[in-house]
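S.K.: Those protein sequences? They're chains A and B, same order as listed. So in UniProt numbering, spot 1 of the first sequence is number 1, and the numbers just go up one at a time. So in UniProt numbering, spot 114 of the second sequence is number 114, and the numbers just go up one at a time. Yeah, the Cβ is synthetic: ideal placement off N, Cα and C, and Gly gets one too.
Protein chains: 2
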Amino acid sequence: MKILVVGASGRVGFQLAQKLSAQGHQVIGTYGQHQPDLPQTAQLDLHAAVSEMRPVMTGVDAVYFVAGSRGRDLLQTDLNGAIKVMQAAEQSGVTRFIQLSSAYALQPERWHDGYLKTLTDYNIAKRYADEWLMHRTTLTYTIVQPGVLTETPATGKVSFDETTLGENSIADVVSVLAGVLTTAHAQEKVIMMKQGDQPIASALAAL
Amino acid sequence: MKILVVGASGRVGFQLAQKLSAQGHQVIGTYGQHQPDLPQTAQLDLHAAVSEMRPVMTGVDAVYFVAGSRGRDLLQTDLNGAIKVMQAAEQSGVTRFIQLSSAYALQPERWHDGYLKTLTDYNIAKRYADEWLMHRTTLTYTIVQPGVLTETPATGKVSFDETTLGENSIADVVSVLAGVLTTAHAQEKVIMMKQGDQPIASALAAL
């Protein structure tokens, strides 16, 4: 498949682009300012208009949105940037869209849990990006919502149990993101994840 | 009618509450920190949960959302605060909702026009609040989108022409907001306004 990874200079996006490439996909990694060391990249300014985003979508089978501003530009990047990428994808005939979100982004009643209570602005941005993808587009979506991301080795195991927050190795998040692409019953689903006891492949198969 | 004005300590909300009271309505003006000098007020924290917002909606016929953070708290007040008020209204059986927005909030292709180019974050917050009201609620809405607000005397005249930006006396915006409440064909409409040549009553009648 031809896959666009939006946010390929980020911690998740870079590993994701590498993994999808290794699986044989043609991957274009987009970046804002810092070009990542990947086989195929394209600059994509998330402040640009939808019409300016369309050219990079030509012939693309699936878009991953894994960009983020780390709290510095939530309205323009994490919220409106994401939605403009969705609109550009739809206008370009892309049908599959996989979005990296955050634990409980769609459940504001949980935003006081643990570390989330310091991230209300972030949660609001992610919430309305997720809501738009689910309810205002015709894209076949999957939304992945991990808890805290850690730069630790892959465990290869996860839990999709939504009852509590948990940590996630970035490498495991990348494996889940890559895995949902080829998991038909991951379509139209929101997947909350954390480290757990279930091998990723079987957790995906049990969705 | 029993009317809730959310943001009654603000420049628009205070005048609006006074005008609606003078018209014979029972008006409850909500405020965050600074209680306005109005006959009936209620504290309403826009950071609170939807469930905590419901009590103030009891028996209310129409809600005005005219609160704003002046850029200081866009995600939590102007965006998520507005949407939580909508949800509390719906859950409380309120059917009529009138929202103060901003010129071209729903037309991002115009966000580089004039003074708007410094207000992208604000426009994004207003855009998604407006979008939610129109597409994700069952509320009977009217959205009023003025250009720059000025603390100048009422002119009593407006233009609803959408081709260019313009200024608006706050008093004129208040007259339009009050007027749409009793204008049946203002329902389910977005009204962009600026100072103009048409008396407000006839402009509303011509909607």
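With the cut-off set at 9 Å, would you say N123/B and V148/B are in Cβ contact?
M.R.: No, the pair does not count as a contact, with Cβ atoms beyond the cut-off.
S.K.: For the alpha helix (DSSP H) containing S169/B, name the first residue and the last one.
M.R.: It is not in any alpha helix (DSSP H) - S169/B instead sits in the beta strand (DSSP E) that spans 167-169.
S.K.: Output needed for P55/B: all residues of its chain with C-beta closer than 7 Å, excluding positions within five of it in sequence on either side, in chain order.
M.R.: Here the set comprises nothing.
S.K.: Excluding the five sequence neighbours on either side, which residues of its own chain have a C-beta within less than 7 Å of the C-beta of residue 213/A, listed in chain order?
M.R.: The requested residue 213/A does not occur in the structure, where chain A is confined to residues 1 to 207.
S.K.: Inspect the beta-carbon positions of V60/B and S92/B and report whether they are closer than 9 Å.
M.R.: Closer than 9 Å, so yes.
S.K.: Alpha carbon to alpha carbon, how far is A42/B from A88/B?
M.R.: Distance between the alpha carbons of A42/B and A88/B is about 15 Å.
S.K.: Compare the C-alpha of E162/A against each of S69/A, G13/A, A103/A and name the closest.
M.R.: Here the closest residue by C-alpha is A103/A.
S.K.: For Y115/B, count the other beta carbons within 10 Å of its own beta carbon; 16 or more makes it buried, fewer makes it exposed. Which is it?
M.R.: It counts as exposed.
S.K.: In chain order, what are the residue ranges of uninterrupted beta strand (DSSP E) at least 3 long that sit wholly in the segment 23-73 of chain B?
M.R.: List check, beta strand (DSSP E) in window: 26-31, 41-43, 62-65.
S.K.: Measure from the alpha carbon of V190/A to the alpha carbon of each residue in G13/A, Y141/A, T155/A, then state which is nearest.
M.R.: Measuring from the Cα of V190/A, the nearest candidate turns out to be Y141/A.
S.K.: Among Q107/B, K84/B, G32/B, which residue has its Cα nearest to the Cα of G13/B?
M.R.: Here the closest residue by C-alpha is G32/B.
S.K.: Helix, strand or coil for M1/A per DSSP?
M.R.: If DSSP states are grouped into helix, strand and coil, M1/A belongs with coil.
S.K.: Kindly say whether Q40/A, judged by its beta-carbon, lies nearer than 9 Å to any beta-carbon of chain B.
M.R.: Not closer than 9 Å to any Cβ of chain B, the Cβ of Q40/A fails to qualify, so no.
S.K.: Residues of chain A with CB closer than 8 Å to the CB of R136/B, please, in chain order.
M.R.: Within chain A, the residues near R136/B are E131, H135.
S.K.: Determine, for T120/B, whether the minimum Cβ-Cβ distance to residues of chain A falls below 9 Å.
M.R.: For T120/B, the answer is yes, since a Cβ of chain A falls inside 9 Å of its Cβ.
S.K.: Do we get a CB-CB distance below 9 Å when we pair L75/B with the residues of chain A?
M.R.: By this cut-off, L75/B is an interface position.
S.K.: Along the chain, where does the beta strand (DSSP E) that runs through Y141/A open and close?
M.R.: 140-146 is the span of the beta strand (DSSP E), which, as asked, contains Y141/A.
S.K.: With DSSP collapsed to three states, give me the class of R136/B.
M.R.: In this structure, R136/B counts as coil in the three-state DSSP scheme.
S.K.: Taking the C-alpha atoms as reference points, what is the distance between D121/A and I143/A?
M.R.: D121/A and I143/A: Cα-Cα distance of roughly 19 Å.
S.K.: Quick one: what's got a C-beta closer than 7 Å to A203/A's C-beta in the same chain, skipping five residues either side?
M.R.: Within the same chain, A203/A has close Cβ partners V158, F160.
S.K.: From L119/A to E109/A, what does the alpha carbon distance come to, in whole angstroms?
M.R.: Taking the straight line from one Cα to the other gives about 13 Å.
S.K.: Under 9 Å, Cβ to Cβ, is there at least one residue of chain B near M96/A?
M.R.: Sequence inspection shows Arg at residue 96/A; the Met mentioned does not correspond to that position. Taking Cβ atoms only, chain B never reaches closer than 9 Å to R96/A, which makes this a no.
S.K.: What does a CB cutoff of less than 8 Å around M1/B pick up in its chain, not counting 5 residues either side in sequence?
M.R.: Hits under 8 Å: H25, Q26, D61, A62, L181.
S.K.: Alpha carbon to alpha carbon, how far is A105/A from A201/B?
M.R.: Cα to Cα, A105/A sits roughly 44 Å from A201/B.
S.K.: Under the assumption that Q99/B contacts L133/B (Cβ atoms under 8 Å), give the Cβ distance between them as a whole number of angstroms.
M.R.: Q99/B to L133/B, Cβ: 6 Å. Contact.
S.K.: Indicate the three-state DSSP secondary structure (helix, strand or coil) for Q99/B in the structure shown.
M.R.: Three-state DSSP puts Q99/B in a strand.
S.K.: Rounded to whole angstroms, what is the Cα-Cα separation between residue 245/A and V50/A?
M.R.: Residue 245/A lies beyond the residue range present for chain A, which begins at 1 and ends at 207; the question has no answer from this structure.
S.K.: Can you name the residues of chain A whose CB is closer than 8 Å to the CB of Y141/B?
M.R.: Going along chain A, no residue has its Cβ under 8 Å from Y141/B, so there is no contact; the nearest lies around 17 Å.
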